[in-house]
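A.B. asks:
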Amino acid sequence: MNRQDLISAVAEASGLSKTDAAKAVDAIFEAIAGTLSQGGDVRLAGFGTFSTSRRKASTGRNPRTGEPMQIAPSTSAKFKAGKGLKEAINNRRGGDDGWIGPKFR
Numbered sequence: 000m001n002r003q004d005l006i007s008a009v010a011e012a013s014g015l016s017k018t019d020a021a022k023a024v025d026a027i028f029e030a031i032a033g034t035l036s037q038g039g040d041v042r043l044a045g046f047g048t049f050s051t052s053r054r055k056a057s058t059g060r061n062p063r064t065g066e067p068m069q070i071a072p073s074t075s076a077k078f079k080a081g082k083g084l085k086e087a088i089n090n091r092r093g094g095d096d097g098w099i100g101p102k103f104r
């Protein structure tokens, strides 16, 4: 599923227009990214938790030359699936609409 597929699914499930659904999806992504960039976590009960992980600076090797090189510290995003999402994936439960996946309604 890509961004446009997600927008279409949100529009269909919520009764919103695709324009309004796109605004909603973008707002969610911006809120998550903004919270993570400030060092916070986003916890969605039954779905999962978005958080950040800090990597320290380290020394690596250039694969071509074998020369040692410094790898800069970085921060990356992590996602840990919640119980509801894990159950939905493992049990393949879904609704009566034929869609196999989590129902968070």
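Each residue of the sequence shown is one higher than the last, beginning at 0 in numbering that gives the first Met the number 0.
Positions of the beta carbon are idealized from the N, C-alpha and C atoms, including for glycine.
Name the residue from Ile70, Thr48, Glu66, Gly65 whose alpha carbon lies nearest to the alpha carbon of threonine 58.
C.D. replies: Checking every option, the nearest Cα to that of threonine 58 belongs to Ile70.
A.B. asks: In three-state DSSP terms, what is lysine 55?
C.D. replies: coil
A.B. asks: Go ahead and pull the three-state DSSP assignment for threonine 64.
C.D. replies: coil
A.B. asks: Got a sec, what are the start and stop residues for the alpha helix (DSSP H) leucine 35 sits in?
C.D. replies: 17-36
A.B. asks: Please return the same chain residues whose Cβ sits closer than 8 Å to the Cβ of arginine 104, not counting the five positions on each side in sequence.
C.D. replies: For arginine 104, the pLDDT reaches just 47, beneath the cut-off of 50, and the residue's location in the model is therefore unreliable, although a value from the coordinates is still provided. If we look at arginine 104 and ignore the five residues flanking it on each side, it has no Cβ neighbours.
A.B. asks: Per DSSP, what kind of secondary structure is glycine 83 in: helix, strand or coil?
C.D. replies: For glycine 83, the three-state secondary structure derived from DSSP is helix.
A.B. asks: Does the beta-carbon distance from lysine 77 to serine 50 come in below 8 Å?
C.D. replies: Between lysine 77 and serine 50, the C-beta gap is smaller than 8 Å, which places the two residues in contact.
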